[in-house]
Every structure is written in C-alpha cells, then in structure tokens.
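For the sequence shown, numbering that gives the first Met the number 0 begins at 0 and goes up steadily by one. Where is the CB? At the ideal position from N, CA and C, for every residue including glycine. None of the values given here were measured: they were computed from a predicted structure.
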Amino acid sequence: MNIPQISLNFTALLPEIVLTAFASVILLTGLLKIRNEILVWSSVIFLLILVLIVPGFEGKAFGEMFLNDFLAVYLKLIIIIGTVLSLLVFNSYLKEKLILLNESIALILFSALGMMLLVSARELISFFVSFELMSLSIYVLVGIRRYDKRSNEAAVKYFMLGGVSSAIMLFGIASLYGATNTTDFSVLIKALSNHVVLAYTGLGLFIIGLCFKIALVPFHMWAPDVYEGAPTPVTAFISTLPKVAVLGAFGRILIEIFKDYYIDWSSFLIVLSIATMVMGNLFALVQRNIKRMLAYSSIAHAGYIIIGLIVGTQTGFNAVVVYLLIYTFMNIGAFAMVIAFNEEDIESYKGLHRFHPALALAMLIFMFSLTGVPPTAGFIVKFNILLQAVRGGFTWLVVIAVLFTVVSAYYYLRIVMYMYMKEPVKSPVPIYSKDLEIAIVICATGIILFGILPVFLI
C-alpha cells in the first residue's frame, strides 16, 4: 500500500507552536505565587515579540492543510495586537473583580492560538478543530467569574447556542465530505458538482455555523446577553477578535475557494447583511445599558463588514480586512472606557467631561469612529467598503447601509451629548491604572493616526 508523502514543514507553524508552549507555561503558573503584573506583562512582551517574528514564517505546512501567506500573516498580526490590548484591559479589571488570573491569560492565549490556526486552515477538519479551540476557550472566559450569576448565565447561553452552531457546522462539513470525498479545500471545489444537492446543503450549513460566531441576524440571539453578562474585558475580547478570525477565514473560503458559486452565496449574504444592519441599529436605539448597546452596535457592524464579502472581489475582501483592524481598535477602546468609567448605565455618563475631560475625549473619539465621522479611521474604512460595493454594482445596498449609519449616529452621539451637554447625576468614580491608560491611548491614537493618514489603510 502506497501512502502519499506530504511536506510537514513545521517551520511555518513555529509561531503557533511557541504560543502553545507559552500558554501552557502560563497555565501551570497557578501552582506558583507570582504577581499578577508579572504574568500580564510577560504575556504582553511575549506577544509583542511574536508580532515581530510572525511575518518571517510564511509558507505551507502539512501539504496544503496550512497556509501562512501575506493575508494570513496580516490577520494574525491583528489578532496578536488585539490580544495585547485585551490583556492590558484585563489586568486593570482584576484589581476590582474576583477572577483567576493565570487561567484567564492562558484561555485568552489558547483562544488566540485557535484564531491564528483558523485563518491559515485550508482543510475542513483542521478548520473545525481550530474553530473549536477558539470557541471552547471563550466559553470558559465568559463564565470565569464563578460567583457572578450574570456571568454564569451568559456562559451557559453561549455554550448551549455555540454547541448548536458547532453541530450545524459539523453536519455541513460531513455533507461536503459526503459530496466530494475530500476535506481539502483545493480539491473539494473541483468535486462539488458530483453531488450538487448534498454539496449545497453542506455549504449552507457550514456558512450558518460561521454566521453564528460573527452574530449575523438571525444568528445573533446570544450576543446581547453574553456581552452584558460576561466580564467587560472578556466582552471586549469576544466582540472583536473572533470576528477578525472568522471573517478572515470566511472571506478566503468564499472568494478564493467557492468563487464559482458566487451568485448563490452572495444572494444569501445580502439578505443577512440587510437584516443585520436593520436589527442591530434599531435595537441599539432603545438600550439603556451601554454594554448591550455596544452588543447591538457590534451586530450592526457585522452587517457593514459583510458588504465587502458580497462584492466578491479581492479588493472588496481587502477592504474587509482593513476594516477589521480599525474595528479592533474601536471596540476594545470603547469597552476599555466602560471599565475605566466603571458604569454600565448610559444615564451615568452625563456630565463626564466636567470631572474627567481626558476620559470624555477618548470616549468621544471611539463614538465618532464607530459612527463613521471624519477624520477618524472608522470613516475611512467604512467609506472604503461602501466604495467597493458601489464599484461592484451594489449601489442600492450602499444606500441602505448609509441610511442605517445615520440611524446609528443617534445612539453613538447620544453618549457624546450626555457627556458634554447634560448635567451630571453623580460624581463618577473611575478606575485608573497604567495598563488601562496604555490600552486606551493606543486605541485612540490608532484611530486618529489612521484617520489622518489613510494611505496606510487604502
């Protein structure tokens, strides 16, 4: 029996191997009494070193199962930078809340590992394993505050609905394998015509499983409750980086692998995009809890991002990838402000600028960028996606997106109005820490810098 030989090439996987080893070491430090700051900053320094070495390990591994090309490297850099910001935000939160630190850091790192593997996966089984590594770590993170009923409830809801979505995706993978007798993306696309009905069923179920993770309507039911109930740093983490990984992998699969079936999957995504923009923005209007408002805001942004995939071109997908970078800065920055201000009720933000003008200014930058107000980077990336849609012949879809962007201005700028134009209801007691300040400054600076110098984005 001849067994085909494939090139393993572990070198291309070296950043992921090193990250696995480091995350395992952090997990084992629970046996030792090490200061929280040492654990956090050693993890931050390690990830910053990883940022420098990841671009040097492009290539393929395990034949065609793992591809580390320029686009995968770019997505991994966003994931690592977002993880660094999440760790900085997490450290400040730990001083106020009862959370096991080393387990939390290890789970964040293992989740980031799953995301990095996901964007390089070129085979269905490795894709699913990477997806589950990311997801299972996040389920535990959501319920990491064991004595908080809201956190426990959020974790159970997320786990149950996430399990259903994973099962749906697994059925899709099984159907695709049944139709093509392969799990390799490059071979799979050539064999889809052998059993068209089974192949279409598998592709549809596979897409539905991915839509759950990026909270597209009607697969968004989990997001508001989970975002509100989870510890706020975890909310910042799960509202951004899983979307970066899933949308990055999603786009590559659709545009590079299933491009011959563009009309079918783009029609499906158009319906989801419109429903997501409509539901996300309308439900955000009536929220009084800022975490729930940002949850629906995150849902709405997923609708905007999907427009770049609907275009079906490489330039449209490139616009999506750039949007994901700025979205990471915007969302992590906004949730960092929620931690800093130490309040979830929107009414409590009244008169903030009188007591803490620096915090109010940072929040203004994040709200303007989420709205898409120039000269912030949020305007540049949203304009870029809509421009690609117009060039692709989707002007009518762009009109809908612009209309609901105007709607979103109400709930974003309401926060700004409360901070600068309303009398304070009480004197705020913010949480100050160097870690949190660094995260906020990095996010705000990135938004302003890329907004003023958009040449780096377009």
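Original post:
Taking all protein chains shown into account, do 16 or more other C-beta atoms lie within 10 angstroms of the C-beta of Lys148, making it buried, or fewer, making it exposed?
Top reply: As a first step, residue 148 is located in the sequence shown; it is residue number 149 there, counting from the start. Exposed.
Original post:
Any contact of the stretch 373-384 with the stretch 231-251, i.e. 3+ C-beta pairs under 8 Å?
Top reply: no
Subject >> Inter-stretch contact at 8 Å, needing at least 3 Cβ pairs: the stretch 141-158 / the stretch 225-245 >> reply: yes
Original post:
If Val225 and Gly81 are in contact, beta carbons under 8 Å, what's the gap, nearest whole angstrom?
Top reply: Numbered from its first residue, the sequence shown carries residue 225 at position 226. Numbered from its first residue, the sequence shown carries residue 81 at position 82. The pair is not a contact, with the Cβ atoms about 18 Å apart (cut-off 8 Å).
Subject >> the stretch 287-295 / the stretch 319-329 touching (three or more Cβ pairs under 8 Å) >> reply: no
Subject >> Minimum length 3: unbroken beta strand (DSSP E) runs contained in the stretch 322-368 >> reply: none
**OP:** State the beta-bridge partners of Lys156 as determined by DSSP.
**Re:** Taking the first residue of the sequence shown as 1, we reach residue 156 at position 157. In DSSP, Lys156 forms no bridge with anything.
Original post:
Just to confirm, are Ala105 and Ala229 a CB contact at a threshold of 8 Å?
Top reply: Walking along the sequence shown from the start, residue 105 turns up at place 106. Walking along the sequence shown from the start, residue 229 turns up at place 230. Taking 8 Å as the Cβ cut-off, Ala105 and Ala229 do not qualify as a contacting pair.
Original post:
Buried or exposed: where does Tyr303 fall if 16 or more other Cβ atoms within 10 Å of its Cβ makes it buried?
Top reply: Locating residue 303 in the sequence shown gives position 304, counting from the first residue. Looking at its Cβ environment, which holds 16 or more other Cβ atoms inside 10 Å, Tyr303 is buried.
Original post:
If you run the structure through DSSP and keep just helix, strand and coil, what is Gly371?
Top reply: Numbered from its first residue, the sequence shown carries residue 371 at position 372. Residue state, collapsed to three classes: coil.
Subject >> Minimum Cβ-Cβ distance from Val310 to chain B less than 8 Å >> reply: Structure shown: chain B not included; a single protein chain is present.
**OP:** Tell me, please, which residues DSSP counts as bridged to Leu66.
**Re:** As a working note, residue 66 is residue 67 in the sequence shown. Partner(s): Lys59.
Original post:
Pick from Ile137, Val186, Ser103, Gly177: whose alpha carbon is nearest that of Val196?
Top reply: Counting from one through the sequence shown, the residue named residue 196 turns up at place 197. Val196 has its Cα closest to that of Gly177, out of Ile137, Val186, Ser103, Gly177.
**OP:** Please report how far the alpha carbon of Leu38 lies from the alpha carbon of Ala274, in whole angstroms.
**Re:** The count along the sequence shown starts at 1 and reaches residue 38 at position 39. The count along the sequence shown starts at 1 and reaches residue 274 at position 275. Answer to the nearest angstrom: the Cα atoms are 43 Å apart.
**OP:** Just mark Ile2 as buried or exposed, buried being the case when its beta carbon has 16 or more other beta carbons within 10 Å.
**Re:** In the sequence shown, counting from the first residue as 1, residue 2 sits at position 3. Here the model assigns Ile2 a pLDDT of 46, short of 50, so the residue's position is not dependable and the matter cannot be decided.
Original post:
Pairing CB atoms from the stretch 62-78 with CB atoms from the stretch 210-226, are three or more of them under 8 Å?
Top reply: no
**OP:** Count the other CB atoms, across all protein chains shown, that sit within 10 Å of the CB of Thr394; report buried if there are 16 or more and exposed otherwise.
**Re:** Residue mapping note: residue 394 aligns to position 395 of the sequence shown, counting from 1. By the 10 Å Cβ count, Thr394 comes out exposed.
Subject >> Proximity of Ala299 and Ser407 at Cβ, strictly below 8 Å >> reply: Taking the first residue of the sequence shown as 1, we reach residue 299 at position 300. Taking the first residue of the sequence shown as 1, we reach residue 407 at position 408. Yes, they are a contact pair.
**OP:** Name, in chain order, the residues that DSSP records as bridge partners for Ala120.
**Re:** As a working mapping, residue 120 is identified with position 121 in the sequence shown. Looking at the DSSP assignment, Ala120 forms a beta bridge with Phe65.
Subject >> Beta-carbon contacts of Ser129 that lie in its chain and below 7 Å, excluding the five residues immediately before and after >> reply: Here residue 129 is taken as the residue at index 130 of the sequence shown, counted from 1. Gly113, Leu116, Leu117, Ala120, listed in sequence order.
Original post:
How long is the line joining the alpha carbons of Ile384 and Thr312, rounded to whole angstroms?
Top reply: Working through the sequence shown from its first residue, we reach residue 384 at position 385. Working through the sequence shown from its first residue, we reach residue 312 at position 313. Near 11 Å, if we compare the C-alpha coordinates of Thr312 and Ile384.
Subject >> First and last residue of the uninterrupted alpha helix (DSSP H) at Gln387 >> reply: Mapped onto the sequence shown, residue 387 falls at position 388. Looking at the DSSP string, the run of the alpha helix (DSSP H) that includes Gln387 is 376-390.
**OP:** Using only alpha-carbon positions, find the residue among Ile364, Met278, Asp434, Phe354 that is nearest to Leu84.
**Re:** On the sequence shown, position 85 is the one that residue 84 refers to. Cα-wise, what sits closest to Leu84 is Asp434.
Original post:
DSSP puts Asp183 in a beta bridge; with which residues?
Top reply: Counting from one through the sequence shown, the residue named residue 183 turns up at place 184. Beta-bridge pairing links Asp183 to Glu122.
Original post:
From Pro54, Lys32, Leu358, pick the residue whose C-alpha is nearest to that of Leu13; which is it?
Top reply: The count along the sequence shown starts at 1 and reaches residue 13 at position 14. Measuring from the Cα of Leu13, the nearest candidate turns out to be Pro54.
**OP:** Rank Pro429, Leu202, Met329 by C-alpha distance to the C-alpha of Gly445 and give the top, closest one.
**Re:** As a working note, residue 445 is residue 446 in the sequence shown. Of the candidates Pro429, Leu202, Met329, the one whose C-alpha sits nearest the C-alpha of Gly445 is Met329.
Subject >> Burial state of Ala20, where buried means 16 or more other Cβ atoms lie within 10 Å >> reply: Taking the sequence shown and counting its residues from 1, one reaches residue 20 at position 21. Flag for Ala20 reads exposed.
**OP:** Please name the residue, chosen from Phe158, Leu191, Lys258, Ile172, that lies closest to Lys212 on a Cα-to-Cα basis.
**Re:** By 1-based counting over the sequence shown, the position of residue 212 is 213. Out of Phe158, Leu191, Lys258, Ile172, Phe158 has the C-alpha closest to the C-alpha of Lys212.
**OP:** Find the nearest neighbour of Ala359 within the set Phe257, Leu412, Ile52, Leu281, judged by alpha-carbon distance.
**Re:** Walking along the sequence shown from the start, residue 359 turns up at place 360. The option with the nearest alpha carbon to Ala359 is Leu412.
Subject >> Cβ pair Tyr295, Phe282 closer than 8 Å >> reply: Numbered from 1 along the sequence shown, position 296 holds the residue referred to as residue 295. Numbered from 1 along the sequence shown, position 283 holds the residue referred to as residue 282. Cβ distance < 8 Å, so Tyr295 and Phe282 count as in contact.
**OP:** Note down the Cα distance separating Ile338 from Cys442, rounded to an integer number of angstroms.
**Re:** As a working mapping, residue 338 is identified with position 339 in the sequence shown. As a working mapping, residue 442 is identified with position 443 in the sequence shown. Roughly 14 Å separates the two Cα atoms.
Original post:
Which partner residues does Asn288 have in the DSSP bridge list?
Top reply: Taking the first residue of the sequence shown as position 1, residue 288 is located at position 289. For Asn288, which the question treats as bridged, DSSP gives the partners Asp344.
**OP:** Give the secondary structure of Ile107 by DSSP, where H, G and I count as helix, E and B as strand, and everything else as coil.
**Re:** For the purposes of this step, residue 107 is taken as residue 108 along the sequence shown, with counting starting at 1. Three-state DSSP puts Ile107 in a helix.
Original post:
Given a threshold of 16 other Cβ atoms within 10 Å of its Cβ, counted over all protein chains shown, does Met366 qualify as buried or as exposed?
Top reply: Taking the sequence shown and counting its residues from 1, one reaches residue 366 at position 367. The residue is buried, with at least 16 neighbouring Cβ atoms inside 10 Å.
Original post:
Nearest to Leu27 by CA position, among Thr10, Leu66, Ser103, is which residue?
Top reply: Looking up residue 27 in the sequence shown gives position 28. With distances taken between Cα atoms, Leu27 lies closest to Ser103.
Subject >> Residue range of the alpha helix (DSSP H) that includes Leu12 >> reply: The residue labelled residue 12 in the question sits at position 13 within the sequence shown. Segment: none, Leu12 is in no alpha helix (DSSP H) and carries neither H nor E.
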